[in-house]
Amino acid sequence: MGVFQRIGNALARFMYGRNGVDQLSLVIVVGSLVLDLISMLVAPRLLWLGNVLYTVSIAAWVYALFRIFSKNLTKRRSENQRWLNWMWRMKSSQQGAKARHADKEHKYFTCKNCKTICRVPVGKGKIVITCPKCGAQIHAKT
Numbered sequence: 241m242g243v244f245q246r247i248g249n250a251l252a253r254f255m256y257g258r259n260g261v262d263q264l265s266l267v268i269v270v271g272s273l274v275l276d277l278i279s280m281l282v283a284p285r286l287l288w289l290g291n292v293l294y295t296v297s298i299a300a301w302v303y304a305l306f307r308i309f310s311k312n313l314t315k316r317r318s319e320n321q322r323w324l325n326w327m328w329r330m331k332s333s334q335q336g337a338k339a340r341h342a343d344k345e346h347k348y349f350t351c352k353n354c355k356t357i358c359r360v361p362v363g364k365g366k367i368v369i370t371c372p373k374c375g376a377q378i379h380a381k382t
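Residues are numbered in this note's numbering as their position in the sequence shown, beginning at 1, plus a constant of 240.
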């Protein structure tokens, strides 16, 4: 058995039962690298800002390492799931907005009560839209 194989086995035994690298910890590591790069670029001009960014970057590294080596799997997985849900909402809302902007045959209205997006054809004049989810009425012009 070679040296590298023994090191790999020891690392695998050490990481057994730990969280490891997930999407949130990867984003934190990349974000801290970006902050570190920005702090190096800013430091010659604004020393205090470079120091603040470097400190935040180090704190992000420490938090990422804490998440990676944590044995509290349920807590780390719930944090990661909250992050993934938030990212999914952001991506889906951007994709929906892009599709709504490209659709020239319909106009979209948001219900004030339940935030449901209602689609109506363009060119109907002043209309009253009834929300299909909560039944609230929206007075609008298409």
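For every residue, glycine included, the Cβ atom is placed at its ideal position computed from N, Cα and C.
Touching by the beta-carbon criterion (3+ pairs, under 8 Å), the region 293 to 306 and the region 266 to 280: yes
Nearest residue (CA-CA) to L277, options I298, L264, G257: I298
What three-state label does DSSP hand Y348 in the structure shown? strand
Could you tell me the distance, in whole angstroms, from the CA atom of N249 to the CA atom of M280? 37 Å
Let's see if you can read the secondary structure: which residues bound the beta strand (DSSP E) around T314? Looking at the DSSP string, T314 is not in any beta strand (DSSP E); the run it does join, the alpha helix (DSSP H), is 313 to 342.
C-alpha gap between V296 and K311, whole angstroms: 24 Å
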